[in-house]
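To start, the structure under review is shown below, and the notes come after it.
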Amino acid sequence: MTDLSHIRNFAIIAHIDHGKSTLADRLIQECGGVEQRELKEQMLDTMDIERERGITIKAQTVRLNYTASDGETYQLNLMDTPGHVDFTYEVSRSLAACEGSLLIVDSSQGVEAQTLANAYLAIDSDHEIISVLNKIDLPAAEPDRVRQEIEDVVGLDAADAIAVSAKTGEGVTEVLDALVERLPAPQGDRVAPLKAMLVDSWYDSYLGVIVLVRVRDGVLKKGMKIRMMGTGATHQVDVVGVFTPKRQDVPELGPGEVGFITASIKTVADAQVGDTLTDERNLAEEALPGFKPSIPVVFCGLFPIDAADYEDLRESLAKLRLNDGSFHYEPETSAALGFGFRCGFLGLLHLEIVQERLSREFDLDLITTAPSVIYRIHQTDSKTVELHNPADMPDVVKIDSIEEPWILATILVPDEHLGAILKLCEDRRGIQQELTYAGGRAMLVYKLPLNEVVFDFYDRLKSVSRGYASFDYQVLGYEEGELVKLSILVNAEPVDALSMIVHRSQAEHRGRAICTRLKDLIPRQLFKIPLQAAIGGKIIARETISAMRKDVTAKCYGGDISRKRKLLEKQKEGKKRMRQFGAVEIPQTAFIEALRIGDD
Amino acid sequence: MIQGGFGLYVHWPFCLSKCPYCDFNSHVADELDQARWRRNLLAELDHYGSKTKGRMLDSVFFGGGTPSLMPPGTVAALLNALGDYWQVSDAVEITLEANPTSVEAQKFADFRAAGVNRVSVGVQSLSDDALRFLGRGHSAREARQAISVAEKSFDRFSFDLIYALPEQSMGDWVGQLDDALAMAGDHLSLYQLTIEKGTPFYSEHRDGRFALPRDDVAADMYEKTAEMTSKSGLPAYEVSNHAQKGSECRHNLIYWQGGDYVGIGPGAHGRLTLDGETVRTEQIPGPANWLSAVSKNGHATRFSAVVLKPEQCEELIMTGLRLTGGIEAARFEAQTGVPLADGVNRNQVTALQQANLITWDETRLAATPAGILRLNALISAILS
Ligand SMILES: Nc1nc2c(ncn2[C@@H]2O[C@H](COP(=O)(O)OP(=O)(O)OP(=O)(O)O)[C@@H](O)[C@H]2O)c(=O)[nH]1
Ligand SMILES: C[S@@+](CC[C@H](N)C(=O)[O-])C[C@H]1O[C@@H](n2cnc3c(N)ncnc32)[C@H](O)[C@@H]1O
Ligand code: SF4
Ligand SMILES: [Mg+2]
Chain C
1 MTDLSHIRNF
11 AIIAHIDHGK
21 STLADRLIQE
31 CGGVEQRELK
41 EQMLDTMDIE
51 RERGITIKAQ
61 TVRLNYTASD
71 GETYQLNLMD
81 TPGHVDFTYE
91 VSRSLAACEG
101 SLLIVDSSQG
111 VEAQTLANAY
121 LAIDSDHEII
131 SVLNKIDLPA
141 AEPDRVRQEI
151 EDVVGLDAAD
161 AIAVSAKTGE
171 GVTEVLDALV
181 ERLPAPQGDR
191 VAPLKAMLVD
201 SWYDSYLGVI
211 VLVRVRDGVL
221 KKGMKIRMMG
231 TGATHQVDVV
241 GVFTPKRQDV
251 PELGPGEVGF
261 ITASIKTVAD
271 AQVGDTLTDE
281 RNLAEEALPG
291 FKPSIPVVFC
301 GLFPIDAADY
311 EDLRESLAKL
321 RLNDGSFHYE
331 PETSAALGFG
341 FRCGFLGLLH
351 LEIVQERLSR
361 EFDLDLITTA
371 PSVIYRIHQT
381 DSKTVELHNP
391 ADMPDVVKID
401 SIEEPWILAT
411 ILVPDEHLGA
421 ILKLCEDRRG
431 IQQELTYAGG
441 RAMLVYKLPL
451 NEVVFDFYDR
461 LKSVSRGYAS
471 FDYQVLGYEE
481 GELVKLSILV
491 NAEPVDALSM
501 IVHRSQAEHR
511 GRAICTRLKD
521 LIPRQLFKIP
531 LQAAIGGKII
541 ARETISAMRK
551 DVTAKCYGGD
561 ISRKRKLLEK
571 QKEGKKRMRQ
581 FGAVEIPQTA
591 FIEALRIGDD
Chain B
1 MIQGGFGLYV
11 HWPFCLSKCP
21 YCDFNSHVAD
31 ELDQARWRRN
41 LLAELDHYGS
51 KTKGRMLDSV
61 FFGGGTPSLM
71 PPGTVAALLN
81 ALGDYWQVSD
91 AVEITLEANP
101 TSVEAQKFAD
111 FRAAGVNRVS
121 VGVQSLSDDA
131 LRFLGRGHSA
141 REARQAISVA
151 EKSFDRFSFD
161 LIYALPEQSM
171 GDWVGQLDDA
181 LAMAGDHLSL
191 YQLTIEKGTP
201 FYSEHRDGRF
211 ALPRDDVAAD
221 MYEKTAEMTS
231 KSGLPAYEVS
241 NHAQKGSECR
251 HNLIYWQGGD
261 YVGIGPGAHG
271 RLTLDGETVR
281 TEQIPGPANW
291 LSAVSKNGHA
301 TRFSAVVLKP
311 EQCEELIMTG
321 LRLTGGIEAA
331 RFEAQTGVPL
341 ADGVNRNQVT
351 ALQQANLITW
361 DETRLAATPA
371 GILRLNALIS
381 AILS
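Those protein sequences? They're chains C and B, same order as listed. First residue of the first sequence: 1, per this note's numbering; consecutive thereafter. First residue of the second sequence: 1, per this note's numbering; consecutive thereafter.
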């Protein structure tokens with residue numbers, strides 16, 4: 001057990017890709033946490049998907065031992081956090097377990113939207129913040145300009161900002177020394193009843209559920225019977241340990257320390273993040289303040305391309321949920337796509353990542369319907385329902401009014417792209433709140449309807465600013481809007497998977513775009529097929545797929561009937577993936593493609 | 001009495017060179033032990049001939065590969081043996097596929113003497129540029145000469161052309177077809193180029209090194225072809241085959257109307273009615289393996305299985321609809337024991353009738369010209 005005065009707990013926060021994970025590597029290396037031969041880049045990004053995309057999804061914790069210039073050895077508990085807005089929730093709870101933060105800013109880029117958002121989270125958590133100007137090895141690095149930007153845009157005193165290169169290791173010892181000198185030591189009472197915050201939990205195939213904790217008061221020991229104050233569940237602690245970053249068992253965790261336990265817990269749902277752990281035999285009086293649970297804001301349907309994979313999908317979702325409490329799902333049935341699940345996510349990147357993990361780790365081929373948000377429908381019978389799926393929209397005559405969620409978006413963009421971004425926000429029904437300049441950059445604050453944002457806003461933002469705009473948001477609340485359900489009809493029958501809720505002003509444009517796209521995607525059939533977009537009974541856009549001109553095998557292979565049979569078998573196999581619309585069968589792939597490509 | 005006729009197919013798996021579009025079982029070989037090939041083909045003939053003794057033989061077809069490379073003596077030996085097993089119809093049609101090189105044309109008289117009474121010449125194109133693209137070993141001039149030799153040597157002859165080639169214009173095709181019709185005998189096979197998996201054309205096409213005419217263009221060419229051949233008295237009787245009335249290739253009709261055929265030689269397929277059951281047969285395709293298997297066992301059958309009723313029905317519909325005359329309900333029922341109306345998806349048949357893609361009058365189911373042009377999708381709908 002380490003004395004409180006010799007412990008420092010800190011989070012590394014930054015905008016995406018500013019070098020958090022790389023700096024963590026250097027800190028670990030400098031403290032001898034790994035042998036030279038074990039070094040690899042962003043070693044805390046352990047998931048395949050993290051390594052491939054070069055991003056952090058799960059926050060990670062490492063205990064380091066650092067011998068400072070005063071000759072004393074300190075225990076440093078490092079928390080690497082994700083930079084992307086979807087995972088802000090991961091950042092917040094890491095911050096709750098620390099007393100200070102390293103705010104990394106890429107000195108070749110400057111302050112970006114998540115720099116701001118994460119810095120404010122750290123300030124809200126009363127953190128001591130050490131600013132770090134990273135990537136000074138790059139020719140484009142402008143540490144002085146960026147230092148100024150931190151002062152002007154974030155409002156932090158950056159006089160003591162440390163210039164480093166996480167790549168070459170320059171400045172890394174200064175960072176370690178600053179952690180020891182500038183961050184406050186944690187406080188806590190060793191003899192008080194145990195109070196430990198449940199920071200995170202995840203599922204490990206060897207150990208089962210692993211619970212990450214930060215001890216406030218008391219001591220957490222192996223063999224102890226603990227109680228989760230929120231759920232009331234009790235468990236016997238099997239293992240107490242820390243990550244160095246290798247897993248290492250320790251006899252106990254005392255006040256100020258961060259580490260993990262296992263306690264034969266079945267699912268992560270039984271270990272709710274934000275809960276307080278206490279000693280069953282010596283109960284704490286009052287729980288620590290918890291976290292607000294993360295709430296999904298983006299919904300979509302996930303369907304197996306091969307209906308036979310439905311059970312596999314169900315199992316895989318359950319497994320994924322073991323490890324990702326912010327992901328939600330429930331069964332859904334679609335006429336166009338068959339059996340699947342309606343799923344809720346923290347944002348579009350989260351959606352994309354879950355989808356990718358399902359196809360990669362569980363080898364499933366999936367279709368995703370267009371992302372949508374939760375609408376609140378006030379019915380004429382004065383009931384209010386939450387609508388997660390446009391297909392479930394009640395009949396228009398039963399609807400009194402509809403509310404949609406709005407967000408407050410902060411966008412940082414170089415001057416020359418400001419015009420394009422303003423236009424994008426206006427096109428998406430945005431309402432400008434603020435426009436300020438700092439250095440060569442504009443900071444825009446806009447109120448935007450979330451449904452306009454989940455619809456490829458981020459991609460558009462990147463493309464109109466050539467990748468230079470950064471974006472962050474928080475959910476504001478619900479407001480009434482003139483929203484309608486846009487239905488797409490193929491051969492006069494509605495395709496549920498393509499229906500969506502849109503603002504009346506966008507309906508015609510969207511409807512036309514989908515019909516045009518479907519026209520390209522649906523192969524011509526024996527009969528011509530009308531495609532229509534409609535609001536209620538009113539057709540607002542239409543296209544026609546003309547009948548196919550030619551589909552015949554020129555050469556009959558003599559007596560080799562088996563070749564013809566193979567063609568027929570292939571067609572029959574193909575039919576399994578067809579969906580019937582009146583007399584025509586449409587390959588499911590057409591809908592998949594229609595859903596895959598974003599609007600233009 | 002079996003309704004579809006009875007034939008013999010002999011596969012000769014060798015060619016002088018391999019054409020880049022072709023995925024037939026054909027190989028280039030330096031030297032062949034011709035005596036052994038003859039012996040083994042006769043052995044397979046004996047194998048299947050003995051099982052089908054006494055039947056009335058309507059046709060023989062030497063296909064390939066390039067059977068015009070066969071020694072005429074081998075052809076003669078096979079034809080001489082037919083009577084050991086079967087009754088040979090007076091009207092028997094004996095076709096041999098020939099490539100139009102001068103060397104092969106010189107052998108036409110010998111094939112005639114051996115008993116062949118019809119040749120099908122693989123002209124493929126009457127343009128030297130197109131022949132080069134198709135990797136053919138002959139010129140347009142040689143092709144024309146071969147046709148005229150064929151005309152002199154045989155009562156009946158046909159030739160093949162491949163069209164809808166990359167960048168081929170309608171004008172170019174119409175010009176060639178005019179020429180071809182002027183030279184034609186009683187039969188013509190006109191195939192649109194098909195890109196087959198596993199051929200050099202497949203990867204070239206996939207990699208974008210050439211593009212086929214769009215479906216609309218190919219469909220226009222197909223319709224124009226139908227119109228021109230009809231006018232010249234050689235209307236289509238099958239998707240790609242055209243003939244004067246009564247000169248349809250008997251052998252192909254056996255395939256398409258559900259008749260029986262013995263298939264011998266590497267990779268040959270057969271369909272036989274044995275003890276009241278329909279049996280499908282397939283010989284080993286690799287020439288060397290085929291040779292050694294026949295030497296050892298007297299035949300190189302690698303597959304032989306009973307065709308179940310539902311499959312048989314599907315096959316008859318699949319092949320029968322390729323013919324402009326379609327499927328005769330009475331013949332279908334005699335062959336399968338199932339009424340034709342029960343073998344089809346009637347809702348689809350009604351919809352297809354309304355769309356003018358098929359005709360169906362209880363005695364006959366046939367695709368209209370528009371239907372034949374979309375036959376794959378149509379069959380898939382009818383059999384769904
Ligand atoms: N030249 C240079 N490149 C750096 C430096 N630090 C990080 N990088 C590179 O910047 C990229 C992003 O680094 P990461 O460490 O993954 O960034 P991150 O902040 O953890 O990113 P997220 O977890 O996705 O938010 C990687 O390609 C790193 O190699 C540096 O000091 N100099
Ligand atoms: C079995 S092949 C062999 C005939 C002979 N060896 C020759 O090449 O002349 C019969 C006919 O099929 C046609 N054919 C072969 N491959 C084709 C393809 N890929 N596309 C269109 N027709 C093809 C050609 O017209 C060819 O003459
Ligand atoms: S097209 Fe004829 S000649 Fe060419 S490889 Fe095929 S079978 Fe042989
Ligand atoms: Mg990272």
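Where a beta carbon is used, it is the ideal one built from N, C-alpha and C, also for glycine. Note that the coordinates shown come from a computational prediction; the quantities given were computed from them, not determined experimentally.
Given a threshold of 16 other Cβ atoms within 10 Å of its Cβ, counted over all protein chains shown, does residue i qualify as buried or as exposed?
i	result
Ile431(C)	exposed
Asp381(C)	exposed
Leu28(B)	What sits at residue 28(B) in the sequence shown is Val, not Leu. The residue is exposed, with fewer than 16 neighbouring Cβ atoms inside 10 Å.
Asp186(B)	buried
Leu183(C)	buried
Gln106(B)	exposed
Asn80(B)	exposed
Val103(B)	exposed
In its own chain, which residues sit with a C-beta less than 7 Å from the C-beta of residue i, not counting the 5 before and 5 after it?
i	result
Leu340(B)	Ile327, Ala329, Phe332, Glu333 and Leu365
Ser562(C)	none
May I ask you to report which of helix, strand or coil DSSP gives residue i?
i	result
Tyr417(C)	Here residue 417(C) is His; the residue named in the question, Tyr, does not match the sequence. Looking at His417(C) - three-state DSSP - the assignment turns out to be helix.
Ile16(C)	coil
Val153(C)	helix
Pro200(B)	helix
His47(B)	helix
Pro592(C)	The sequence shown places Ile at residue 592(C), rather than the Pro named in the question. Ile592(C): helix per DSSP, three-state reduction.
Ile382(B)	helix
Cys249(B)	coil
Gln114(C)	helix
Asp84(B)	helix
Val215(C)	strand
Met56(B)	strand
Tyr206(C)	coil
Asp179(B)	helix
Ala377(B)	helix
Please work out which residues of its chain come closer than 6 Å, Cβ to Cβ, to residue i, disregarding the five sequence neighbours upstream and downstream, and give them in chain order.
i	result
Ser125(B)	Leu131
I think residue i touches residue j, with their Cβ atoms under 8 Å apart; what is that distance to the nearest whole Å?
i	j	result
Leu526(C)	Leu308(B)	Contact doesn't hold; Cβ gap of about 28 Å is too wide.
Leu253(C)	Leu283(C)	In fact, because the Cβ distance is near 18 Å, the residues do not count as touching under 8 Å.
Ala122(C)	Leu103(C)	7 Å
Ala77(B)	Leu42(B)	6 Å
Glu408(C)	Leu450(C)	The question names Glu, yet the displayed sequence has Leu at residue 408(C). About 11 Å; that fails the 8 Å criterion.
Ala442(C)	Glu149(C)	Actually they do not touch by this definition, with Cβ atoms about 13 Å apart.
Looking only at its chain, what residues have a beta carbon closer than 8 Å to the beta carbon of residue i, apart from the 5 residues adjacent to it on each side?
i	result
Gly5(B)	Asp58, Ser59, Arg250, Leu253, Ile254, Gln257, Gly259 and Asp260
Cys300(C)	Arg342, Cys343, Phe345, Leu351, Thr368, Thr369, Ala370, Pro371 and Ser372
Does the beta-carbon of residue i, which I'm using as the reference point, lie nearer than 7 Å to any heavy atom of ligand 5?
i	result
Thr194(B)	With respect to ligand 5, the structure shown offers nothing to examine, as its ligands consist of ligand 1, ligand 2, ligand 3 and ligand 4.
Are the stretch 73-93 of chain C and the stretch 111-122 of chain C touching, with three or more C-beta to C-beta distances below 8 Å?
-> yes
So does the stretch 564-579 of chain C actually touch the stretch 221-235 of chain B, counting three or more Cβ pairs closer than 8 Å?
-> no
Should the stretch 10-20 of chain C be called in touch with the stretch 95-115 of chain C, which here means at least 3 C-beta pairs below 8 Å?
-> yes
Can at least three beta-carbon pairs, one atom from the stretch 563-571 of chain C and one from the stretch 458-473 of chain C, be found at a separation below 8 Å?
-> no
Inter-stretch contact at 8 Å, needing at least 3 Cβ pairs: the stretch 367-375 of chain C / the stretch 448-456 of chain C | yes
Just checking, does the stretch 276-287 of chain B make contact with the stretch 337-354 of chain B on the three C-beta pairs under 8 Å criterion?
-> no
Specify whether the stretch 239-251 of chain C and the stretch 59-75 of chain C touch according to this definition: at least 3 beta carbon pairs, one from each stretch, less than 8 Å apart.
-> yes
Counting pairs of beta carbons, one from the stretch 341-354 of chain B and one from the stretch 196-209 of chain B, are three or more of them closer than 8 Å?
-> no
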